[in-house]
Amino acid sequence: MRWFVLMAAFGLTGCVKPAIEPGLCAGLRRPVAELRAGLERHSETPEEVGEPGTDVVLGFEAGCG
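Counting in UniProt numbering, the sequence shown tops out at residue 65, every number present.
1) Where residue 32 and residue 50 are concerned, what is the direct C-alpha to C-alpha distance, given to the nearest angstrom?
2) Do residue 35 and residue 56 come within 9 Å of each other at the CB atom, strictly closer than that value?
3) Excluding the 5 residues flanking residue 22 on each side, which residues of the same chain have their C-beta closer than 7 Å to its C-beta?
4) Looking at C-alpha atoms only, which residue of 65, 63, 54 is the closest neighbour of residue 37?
5) Helix, strand or coil for residue 54, going by three-state DSSP, please let me know.
Have a look at this one:
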């Protein structure tokens, strides 16, 4: 389910202007990728953790693309 939410949001975040601070994006790229992979691998993640985690991934990808 979370995967479908991620995919749907990509279409909605495609028009967001990328972040100006490349150092910030570079520093967060790996941890956010690991968070995304963990959420995809473990669909049993409690919603209290999965929803905010998904928001972090979507926000990062929208701002840092």
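The beta carbon of each residue, even a glycine, is placed where N, CA and C say it ideally should be.
Given the structure is predicted, the values throughout are model-derived calculations rather than measurements.
According to the structure shown:
1) 13 Å
2) yes
3) none
4) 54
5) helix
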